[in-house]
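Participant: Before I ask anything, here is the structure I am working with.
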Amino acid sequence: MGKGEGPKEDDLNYSGDFQSTADLPGERRAQGRTATVFRPVLIETDAFAGFCLVRNLSPNGMRGQVYTSFAEGLPITVQFSPDRIVQGTLTWCKDEHVGVQFDEPVDVEQVLSDLARKLVEGRVNRAPRLQIECKAELIIGDRSLAIEVQDISQRGIKAVASFIKPGDEVWVRLEGLELKAVVRWTQGGIAGLNFLRPLPFEELAHWVIRQQSQGPFLESGAQAA
Numbered sequence: 042m043g044k045g046e047g048p049k050e051d052d053l054n055y056s057g058d059f060q061s062t063a064d065l066p067g068e069r070r071a072q073g074r075t076a077t078v079f080r081p082v083l084i085e086t087d088a089f090a091g092f093c094l095v096r097n098l099s100p101n102g103m104r105g106q107v108y109t110s111f112a113e114g115l116p117i118t119v120q121f122s123p124d125r126i127v128q129g130t131l132t133w134c135k136d137e138h139v140g141v142q143f144d145e146p147v148d149v150e151q152v153l154s155d156l157a158r159k160l161v162e163g164r165v166n167r168a169p170r171l172q173i174e175c176k177a178e179l180i181i182g183d184r185s186l187a188i189e190v191q192d193i194s195q196r197g198i199k200a201v202a203s204f205i206k207p208g209d210e211v212w213v214r215l216e217g218l219e220l221k222a223v224v225r226w227t228q229g230g231i232a233g234l235n236f237l238r239p240l241p242f243e244e245l246a247h248w249v250i251r252q253q254s255q256g257p258f259l260e261s262g263a264q265a266a
């Protein structure tokens with residue numbers, strides 16, 4: 042492999058071993074044990090919390106795209122859903138992809154089934170929401186007001202904003218982002234806003250990284266994208 046040429050996206054499993062792409066037919070299971078998927082999840086280490094796009098999942102681990110670099114050997118938490126949180130160790134990192142070894146095996150088919158369900162315990166199975174505290178600007182009509190964001194997903198934010206009401210159309214300005222949104226609900230000074238156009242996953246992942254770009258999760262000499 043020449044200098045600067047990383048392994049092809051489908052050539053790495055969670056442990057960093059190579060395997061034939063013929064064993065990974067699209068979105069289906071390979072040999073009944075490994076699934077190639079494209080599912081967003083939340084990840085967390087001691088110094089970082091953000092988004093990861095799972096590319097490859099097996100009972101013992103996973104490979105995912107994280108859009109930055111991590112030091113190997115870090116304990117890591119993977120949140121497939123609020124009720125399915127898995128502990129593991131980050132075993133390798135290359136070309137903005139990581140391999141994670143789970144502490145305990147997971148049921149791959151059950152995890153994928155949970156991710157695909159439209160409803161979970163009677164509630165809509167929403168896109169992963171990351172708890173993150175930051176300032177933002179909300180523009181409604183000719184007014185520009187400061188708000189405090191509490192969490193974010195591809196589809197919207199939750200924020201401290203007591204001056205808006207359901208149905209209001211607003212612009213939300215975050216650092217480096219400007220998005221049109223509609224207020225879906227308000228309760229006790231907290232509001233849920235849905236973006237009129239979902240934020241692309243990669244753009245959201247990079248934005249979250251920039252908010253934590255000084256964190257020690259980066260490898261020595263690496264920089265957040």
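With the working numbering, the residue at position 16 of the sequence shown is 57, and numbering never jumps.
Even for Gly, the Cβ is constructed at its ideal location relative to N, Cα and C.
1. State the DSSP-derived secondary structure class of ASP192, mapped to helix, strand or coil.
2. Can you list the beta strand (DSSP E) stretches of 3 or more residues lying completely in the region 108 to 158, in chain order?
3. Taking buried to mean at least 16 other C-beta atoms within 10 Å of its own C-beta, is ARG80 buried or exposed?
4. Which residue marks the beginning of the alpha helix (DSSP H) containing PHE236, and which one marks its end?
5. Excluding sequence positions up to five away, which residues of its chain have a Cβ less than 7 angstroms from the Cβ of VAL213?
6. What number of angstroms, rounded off, separates the C-alpha of ALA112 from the C-alpha of VAL127?
7. Hey, how far is the Cα of GLU216 from the Cα of PRO241?
8. Let me know the secondary structure DSSP gives ALA88 once reduced to three states.
9. How would you write the range of the alpha helix (DSSP H) that GLU244 sits in, first residue to last?
10. Using three-state DSSP, classify LYS199 as helix, strand or coil.
11. Quick check on the burial criterion: 16 or more other C-beta atoms within 10 angstroms. Buried or exposed for ARG184?
12. What did DSSP end up calling LYS206 once you bin it into helix, strand or coil?
13. Any beta carbon from chain D within less than 7 angstroms of ASN101's own beta carbon?
Facilitator: With the structure as the only source:
1. As a first step, residue 192 is located in the sequence shown; it is residue number 151 there, counting from the start. Reduced to three states, the DSSP call for ASP192 is strand.
2. 116 to 122, 125 to 135 and 138 to 143
3. Numbered from its first residue, the sequence shown carries residue 80 at position 39. ARG80 is buried by the Cβ-count criterion.
4. Taking the sequence shown and counting its residues from 1, one reaches residue 236 at position 195. First-last for PHE236: 231 to 236, but that is the beta strand (DSSP E), not the alpha helix (DSSP H).
5. Translated into positions along the sequence shown, residue 213 becomes position 172. If we look at VAL213 and ignore the five residues flanking it on each side, its Cβ neighbours are ALA177, LEU179, ILE198, LEU220, ALA222 and LEU234.
6. Here residue 112 corresponds to residue number 71 of the sequence shown, with the count starting at 1. Here residue 127 corresponds to residue number 86 of the sequence shown, with the count starting at 1. When rounded, the distance between both Cα atoms is 19 angstroms.
7. Taking the first residue of the sequence shown as position 1, residue 216 is located at position 175. Taking the first residue of the sequence shown as position 1, residue 241 is located at position 200. So the two alpha carbons sit approximately 16 angstroms from each other.
8. Counting from one through the sequence shown, the residue named residue 88 turns up at place 47. It is coil, neither helix nor strand.
9. Taking the sequence shown and counting its residues from 1, the one referred to as residue 244 is at position 203. Start and end: 242 to 252.
10. As a first step, residue 199 must be located in the sequence shown, where it is residue number 158. The answer is strand: DSSP assigns LYS199 an E or B state.
11. Taking the first residue of the sequence shown as position 1, residue 184 is located at position 143. With fewer than 16 Cβ atoms within 10 Å of its Cβ, ARG184 is classed as exposed.
12. Here residue 206 refers to the residue found at position 165 of the sequence shown. Coil, per DSSP.
13. Any reference to chain D falls outside this structure, which holds one protein chain only.
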